[in-house]
Amino acid sequence: MRIILGPASAQLGQRIAEHLKTDSVSVAFKSFPDGENYVRLESSVQDEDVAIVQTTSPPQDNRLVQLALMADAAKRNGAKKVTAVVPYLAYARQDKMFLQGEAISAEAVARMLKAAGIDRLITVNVHQEKVLSRFPFPAKNVSAIPLLAEYFVRKGHKNAFAVSPDKGAIYIAEEAGRILGGECGYLEKSRDRCTGQVSMEKKAFDVKGKTVIIFDDIISSGGTIVTAAKILRELGPKKVFVACVHPLLIGEAEKSILKAGVDEIVGTDSVMSSVSKVSVAPAISRELAG
Ligand code: R5P
Numbered sequence: 001m002r003i004i005l006g007p008a009s010a011q012l013g014q015r016i017a018e019h020l021k022t023d024s025v026s027v028a029f030k031s032f033p034d035g036e037n038y039v040r041l042e043s044s045v046q047d048e049d050v051a052i053v054q055t056t057s058p059p060q061d062n063r064l065v066q067l068a069l070m071a072d073a074a075k076r077n078g079a080k081k082v083t084a085v086v087p088y089l090a091y092a093r094q095d096k097m098f099l100q101g102e103a104i105s106a107e108a109v110a111r112m113l114k115a116a117g118i119d120r121l122i123t124v125n126v127h128q129e130k131v132l133s134r135f136p137f138p139a140k141n142v143s144a145i146p147l148l149a150e151y152f153v154r155k156g157h158k159n160a161f162a163v164s165p166d167k168g169a170i171y172i173a174e175e176a177g178r179i180l181g182g183e184c185g186y187l188e189k190s191r192d193r194c195t196g197q198v199s200m201e202k203k204a205f206d207v208k209g210k211t212v213i214i215f216d217d218i219i220s221s222g223g224t225i226v227t228a229a230k231i232l233r234e235l236g237p238k239k240v241f242v243a244c245v246h247p248l249l250i251g252e253a254e255k256s257i258l259k260a261g262v263d264e265i266v267g268t269d270s271v272m273s274s275v276s277k278v279s280v281a282p283a284i285s286r287e288l289a290g
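Following my numbering, the numbering of the sequence shown begins with 1 at its first residue and continues without gaps.
This is how it looks when you write it as structure tokens:
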């Protein structure tokens, strides 16, 4: 297998190639004055199975088009099978019609990728795994939560209390808890569908003097984590950490989270950012090696 280094994830792609001890394919890319994208694979993929590593965090539309163009280039240049490794899958959160008249964006994007030549997809901690079963090709979700929890164990935080900011994400806190060896719990979040405003119920966890780690899949505006951190800080913990798979960190998110009393934010290289301290390469490589 050859690893194609998508412009959005060249460093992660190289890490995956090193894990798998396989060759990588560099990609020349540019955008034209009118904003259109151009890509060219810089070595041969003739008769090869290839994996294109390309995250689709913002600017997501641009990165999705680059991914489609790389898939087309791979097929057109003789690749046998094209796997898209898309750690952060854009549009995955719109996985159903919440309001009459909406699109199911996740499915529309998957159909576009299929048309471009993608045969299989691997993603990381997609918002709702069940959406993958409606994609027009085999799609697999891998979890980076164990890698994040292991980071905290290495830093001496075994037995920390793992909490998810949302009841629906309790499975994430439980997954981390199995590695941390401490207790876990969840907060209950609701979000106004029109304004995006987050509200959360307070809970009386017994975390006084303990280390708490908030685990979530995505930090976007930071509103969810800020609200959760403020609630937890009132309970008198020794430290409050945040672990997230996809640190989008839009605008002032990082600053607001630290201001809310969080001691450290730890994210992965699914989305390269100032907090990407853990690599998802081992989890993706395991899945690719199959
Ligand atoms: C939503 O349910 C996700 O799990 C995240 O909690 C959410 O996307 C984070 O968004 P934000 O940082 O804008 O609150």
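Where is the CB? At the ideal position from N, CA and C, for every residue including glycine. As the structure is a computational prediction, the values presented were derived from the model and not from experiment.
- Taking a 10 Å sphere around the C-beta of Arg111, we find fewer than 16 other C-beta atoms and assign the residue as exposed.
- Sequence-distant partners of Lys167 (beyond 5 residues in either direction) whose C-beta falls short of 7 Å from its own C-beta, in its chain, are Tyr186, Glu188.
- For Val271, there is no enclosing beta strand (DSSP E), as DSSP marks it with neither H nor E.
- Between the stretch 245-253 and the stretch 102-110 there are fewer than three inter-stretch CB-CB distances shorter than 8 Å, so the stretches are not counted as touching.
- Cβ atoms of Glu18 and Ile122 stay farther apart than 8 Å, at about 17 Å.
- Here the alpha carbon of Val198 sits roughly 25 Å from the alpha carbon of Ser274.
- The straight-line gap separating the alpha-carbon atoms of Val142 and Ser270 is approximately 12 Å.
- Out of Ser221, Ile265, Phe152, the CA that lies nearest to the CA of Pro58 is found in Ser221.
- Annotation for Ala73: the continuous alpha helix (DSSP H) segment containing it runs 60-76.
- Nearest neighbour of Gln128 by Cα position, chosen from Glu102, Phe137, Ala90, turns out to be Ala90.
- A distance criterion of 8 Å places the beta-carbon of Ile218 in contact range of ligand 1, judged by its closest non-hydrogen atom.
- Between the stretch 254-263 and the stretch 149-156 there are fewer than three C-beta pairs closer than 8 Å, too few to call the two in contact.
- Taking 8 Å as the cut-off, the C-beta of Asp119 does not count as close to any heavy atom of ligand 1.
- If you look at Ser31, you'll find it in the beta strand (DSSP E) that goes 27-31.
- With a 10 Å radius around the Cβ and a threshold of 16 neighbouring Cβ atoms, Gly13 comes out buried.
- Listed as beta-bridge partners of Lys239 by DSSP are Thr211.
- For Met200, the enclosing beta strand (DSSP E) stretches over residues 198-201.
- In terms of Cα proximity to Val39, the closest of Asp47, Glu48, Val25 is Val25.
- As the crow flies, the alpha-carbon of Ser31 is around 22 Å from that of Lys75.
- In this chain, Thr83 is not harboured by any alpha helix (DSSP H); it is covered by the beta strand (DSSP E) spanning 81-86.
- Ser279 is a Cβ neighbour of Thr268, given a cutoff of 9 Å.
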